[in-house]
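Asker:
Chains as they are written, first to last, in the UniProt record's numbering: chain A, 1 to 635; chain B, 1 to 660.
(1) Taking the Cβ atom as the reference point for each residue, do residue 130(B) and residue 143(B) lie within a distance shorter than 9 Å?
(2) Using a cut-off of 7 Å between C-beta atoms, extract the partners of residue 586(B) located in chain A.
(3) Can you have a look at residue 446(A) and say buried or exposed, based on whether 16 or more other CB atoms are within 10 angstroms of its CB?
(4) Report buried or exposed for residue 633(B), applying the criterion of at least 16 other Cβ atoms within 10 angstroms of its Cβ.
(5) Quick one: grab the DSSP three-state call for residue 25(A).
(6) Within the 9 Å Cβ cut-off, does residue 323(B) reach chain A?
(7) Taking the CB atoms as reference points, tell me whether residue 372(A) and residue 390(A) lie closer together than 9 Å.
(8) Could you tell me whether the Cβ of residue 22(A) comes closer than 9 Å to any Cβ of chain B?
(9) Compare the C-beta of residue 186(A) against all C-beta atoms of chain B and say whether one is closer than 9 Å.
(10) Under 9 Å, do residue 32(A) and residue 178(A) count as touching if we go by C-beta distance?
(11) Answer yes or no: does any C-beta atom of chain B fall closer than 9 Å to that of residue 68(A)?
(12) Under 9 Å, Cβ to Cβ, is there at least one residue of chain B near residue 475(A)?
(13) Which bits of chain B does residue 524(A) rub up against, with CB to CB less than 8 Å?
(14) When the cut-off is 9 Å and only beta carbons count, does residue 287(B) lie next to chain E?
(15) Does the Cβ of residue 677(A) have 16 or more other Cβ atoms within 10 Å, making it buried, or fewer, making it exposed?
(16) With 9 Å set as the bound, which would you pick, yes or no: does the beta-carbon of residue 468(A) sit closer than that to a beta-carbon of chain B?
(17) Starting from residue 640(B), find everything on chain A with Cβ-Cβ shorter than 9 Å and list it in chain order.
(18) When the Cα of residue 356(B) is compared with those of 298(B), 543(B), 378(B), which residue comes out closest?
(19) Using alpha carbons as the reference points, say which of 257(A), 42(A), 240(A), 268(A) lies closest to residue 166(A).
(20) Where does residue 665(B) sit, in a helix, a strand or coil, going by DSSP?
(21) Residue 79(B) by DSSP, collapsed to three states: which one?
(22) Would you mind telling me which residues of chain A sit closer than 7 Å to residue 143(B), beta carbon to beta carbon, in chain order?
(23) Going by beta carbon distance, what residues of the same chain come within less than 6 Å of residue 305(A), once the five residues before and after it are set aside?
(24) Along the beta strand (DSSP E) that carries residue 346(A), what are the first and last residues, could you check?
(25) Compare the Cα-Cα distances from residue 680(A) to each of 363(A), 467(A), 80(A), 76(A) and report the closest residue.
(26) Drop a sphere of 10 angstroms on the beta-carbon of residue 51(B), count the other beta-carbons inside from all chains shown, and report buried for 16 or more, exposed for fewer.
(27) Do you know how far the Cα of residue 372(B) is from the Cα of residue 384(B)?
(28) Which complete beta strand (DSSP E) runs does the region 281-347 of chain A hold, if anything under 3 residues is left out?
(29) Does the region 260-274 of chain A come close enough to the region 236-249 of chain A to have 3 or more Cβ pairs within less than 8 Å?
(30) Classify residue 650(A): buried if its beta carbon has 16 or more other beta carbons within 10 angstroms, exposed otherwise.
(31) Tell me whether the region 278-290 of chain B and the region 239-247 of chain B touch, counting them as touching only if at least three CB pairs, one residue from each stretch, are closer than 8 Å.
(32) For residue 255(A), which three-state DSSP category applies?
(33) Mind checking whether residue 55(B) and residue 184(B) have CB atoms under 9 Å apart?
(34) Got a sec, what are the start and stop residues for the alpha helix (DSSP H) residue 472(B) sits in?
(35) Residue ranges of each beta strand (DSSP E) run of no fewer than 3 residues wholly in the region 92-128 of chain B, ordered along the chain?
(36) Give me the residue from 192(A), 35(A), 331(A) with the minimum Cα distance to residue 216(A).
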């Protein structure tokens, strides 16, 4: 059996290596498919705009799936919703010799709801055409047409939209009725687009050919930065009767104003209540905090997205009576409440999410997925996340911090930047005292102060978990060989830079290892760094680090009597472009004191600096494992 | 064995359920709350609860007016205590549609109650805010969220479901992931239907009543009441099959239908009938006879291999190579196996019935076997046959007195090894002449052997070679990882320096030969201190030791279910430098788990200038019950402590003199 298997695999390997002979009878330029799981032979996307309010996309692709890891590409997903419609969807599959196996049947096309898991209801749906097959390589063709009445989005063309994908030839055309202007932005395109004209339309065309697979690297830039992209956007557009212009951020903001118009009315009784609530507030900031607190107590986040409701908020009076809404609705409601007490504020459109790339600021278009509220105050600007019942007023963090947002002012849109967080803002400051007994076991009391992005996880845990679940969670977090948590407590200060203080009491089993007359103590009890990224021979892309942080540990051990130091690790001090690390350990009588400081910056560094990054982290790994060795005094 | 335990337990429950007939205080009235319920700030029996089910009433009856229907009514009242409990105000009501037969959700009503300044405020659920979603082919949902939910709110929701599926009674869950104060289910079952009741879970019934009503001349309705009081929240834990196996609930199994003037019909029958029916079924048994399209292929196999065992292996590989699993479960086919064969892909039933059919064609003693996967929940072998309890089918082969269980959905499985998802109690053999349960015991453990030959010099530099051999379920997982990532990328990823140790020149062996262990061979090196050391400290596990206990919590409610046994062996031969002696070494130990459940052995031996280290961890059984948990935890503590111990090498006095 073994031999037969090997033969079979050998055969498969040969077939893989020479797709010139197979792949549906098509020849592929040499070297193009090295490292690829699939190759697109040809792809055509044509976007025809009929009017500011409607357009049609036709898409056609022919590609070969080279192996098992490319099979998800033989499954096509076509999303649609209340404002768009799939006119047709067809597919055919061919075997390696180019012989047709079969065509996609209508009833094979799955049509399912594509709701976000956090939503209560949306009209998003998706059609799925699955042509996966088992004999590699095989070729699939797909073709579909999508008509849309939502012209807020023009296509963003990514001919190479994933790793391990080769592209022989792909093209993108936009047909604009004469008199309507297309706006576009090219990135990483080998050659620029061309413009021609027919009797009725201006035709813009882009082409790429022979794109080799791209491989992402650890701590590398976002994939979009590595591949050709053409972004397109309308000048004038219309969605469900709302007409707008996207030429500038200012005009895009005016369109949003239109959607929000008149939706900020509150019942008189509510206004009275809010005025009473803030009557004795000393400062404007205090008023804002009271309103925000009221919001957090009264409402909750429920997402319902239907048609234009994807962009237009529920009326403030609806949220006032039902107590729920999505990000737009809750932001709009908060704005209305602040207005009732005489405070001006603005919706801020943002692309939220940890590690989301920033928007393209020089290309006004619909690039956002979230709305927060911006409240300018005398000294400062206060940002409010209106969907959260637990966030501190003014804190943006990893979800919305350090990026651009579009303020919707009465004069239109205005780009601004949200707060960034430096290493000292994202701190983990820990002090531990351990009392060891004869057997090397002991009791540790640990106090850790987390701030900024390092407190986010604990903020969630405090609010969403019961004490018993918190303890379970802490058991997963604490990286000490054998221990029991005898006590735990959290304390929180929800200021603009929020702080969580965690106190733990741990019972440690054999914290120090005793072998014969010696005792080994690892002084870095809880903050050992263990991760070193993969080490490639040659680094190609820049190194990107998105979060700066500072960790400081101070650990003291009280030893049992009768031991003398045999070995003491040297002080460690490493400095690199990426950060700084120091660790010192001292022994005085029966007390061992260990102090460790690790500070990492954020930013973008040259590819050539990668080995330095790896070495720096590995030095930390080594230093963190160091042990102090004691010998029992002869009695 | 698992199943046996559960059965005993179920019996116990039934005994325990004596007729407690004192009724709970007045049933909650829909739309009317007590001020006390609104004033409640926390639930005293579980002060950490984010929300509590105050009461949950269900009532099922059969309606004969205008065609038989089953009507199910429910009224649930939930108290929201904390913001983290807000999600309990988002409701989903699933209902089933199958062609013209359907369930219909009617009269959804809801109120949110709040106490505002001492006054009870009542907000009605707007019927326009009820959405309908089609989740899958047959399952639909009604979805809505309650208005004005705050900390302290009480929500009241009621609805009814009219069902055409008159032979199915909905199960009732007494327990959910928040505590339940009172959960009561009533059923009026006409005498025509003979139902069996199946209780499951770790809590007992508070009330269990039966009454007959209707005059002797009329149809008799049997009225049942089951209730539970103060049911704690269901809690998730690691290493379990599925939480549903531990939930307190009651299920209904229709045994017999006897309408007046008709011959009684057995609905579940015994396994003999069920087996017969399954074997006659279009979507199951008859598929086994559709063998024309592969006759030649099997004839070719038989011509080439005479040994039946060899024939089985070849046919198993043939199906694995040809078919790809579409990741859908089920014991019935959607497409005939002929079609699946042409498409080269199929669901579990299509693939494994094709396999069974081919094995039969080859003249082997093969039959399909039903089972329920770990996520689908355990099957009770002593209850009457209910095919809906199964969601998977494999092939069973008997060669002489040896039996094999084959699943062709995973290309990387060697013959005889079932995927972990299938290791769940017992499977039922569907074979006319051999009807029985077959234990789904794992054929192979999670196994790993690490073997290194190393040399250390006087500066603490280490050089040598290591071989890792993984087998059983470890090999399956690692093969999946490597093939997904690509062999060259995986090798590149292995080649790195972590802390003191550097791995280089890795080579992967037997990646594609699934019947052999998967071996990875590589060089290990560590840079020393760069100077002569008079003392060298060394952890002889070289980074391979256990450093974290998988069982950190102090107690455990449910059994620990690993799925399969574990076997991990570490061997190392270390040559120490000339002029050094072993001053200290960890003491050898052996630790046993009770009843031969597992064993840890650790040994250090010196032979001239060679030190041999051996560590072996064996877990001999896949399931440990909760009382055994502390032993398991302590077992791992001992391993961790031992693996942390060090060797101390010291330069001998004579060599120190020579150095000078």
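Note that beta-carbon positions come from the ideal geometry of N, C-alpha and C, so glycine has one too. Note that the coordinates shown come from a computational prediction; the quantities given were computed from them, not determined experimentally.
Answerer: Result, derived from the coordinates:
(1) yes
(2) 515
(3) Residue 446(A) counts as buried, since no fewer than 16 other beta carbons sit within 10 angstroms of its beta carbon.
(4) buried
(5) In this prediction, residue 25(A) scores a pLDDT of 49, lower than 50, which makes its location untrustworthy; no coordinate-derived value is stated.
(6) yes
(7) no
(8) Summary for residue 22(A): the model assigns pLDDT 38, below 50, so the residue's position carries little reliability; its value from the coordinates is reported in the next sentence. So, not an interface residue.
(9) no
(10) Cβ atoms of residue 32(A) and residue 178(A): not closer than 9 Å.
(11) yes
(12) yes
(13) Going along chain B, no residue has its Cβ under 8 Å from residue 524(A), so there is no contact; the nearest lies around 13 Å.
(14) The question asks about chain E, but that chain is absent: this structure's protein chains are A and B.
(15) This structure leaves residue 677(A) out entirely; chain A is present only between 1 and 635.
(16) yes
(17) 481, 482, 509, 510
(18) 298(B)
(19) When only C-alpha atoms are compared, the closest one is 42(A).
(20) Residue 665(B) falls outside the range modelled here, since chain B spans only 1 to 660, and no answer is possible.
(21) strand
(22) Taking a Cβ-Cβ cut-off of 7 Å, the neighbours of residue 143(B) in chain A comprise 120, 121, given in sequence order.
(23) Excluding positions up to five away in sequence, the list reads 122.
(24) 346-350
(25) Since the displayed chain A opens at 1 and closes at 635, residue 680(A) lies outside it and no answer follows.
(26) buried
(27) 15 Å
(28) Runs of beta strand (DSSP E) with 3 or more residues, each lying fully within the region 281-347 of chain A, are found at 303-305, listed in chain order.
(29) no
(30) Residue 650(A) lies beyond the residue range present for chain A, which begins at 1 and ends at 635; the question has no answer from this structure.
(31) no
(32) helix
(33) For residue 55(B) and residue 184(B), yes; Cβs fall inside 9 Å.
(34) Taken as a continuous stretch (DSSP letters only), the alpha helix (DSSP H) holding residue 472(B) covers 472-485.
(35) 101-116, 119-124
(36) That would be 35(A), whose Cα lies nearest to the Cα of residue 216(A).
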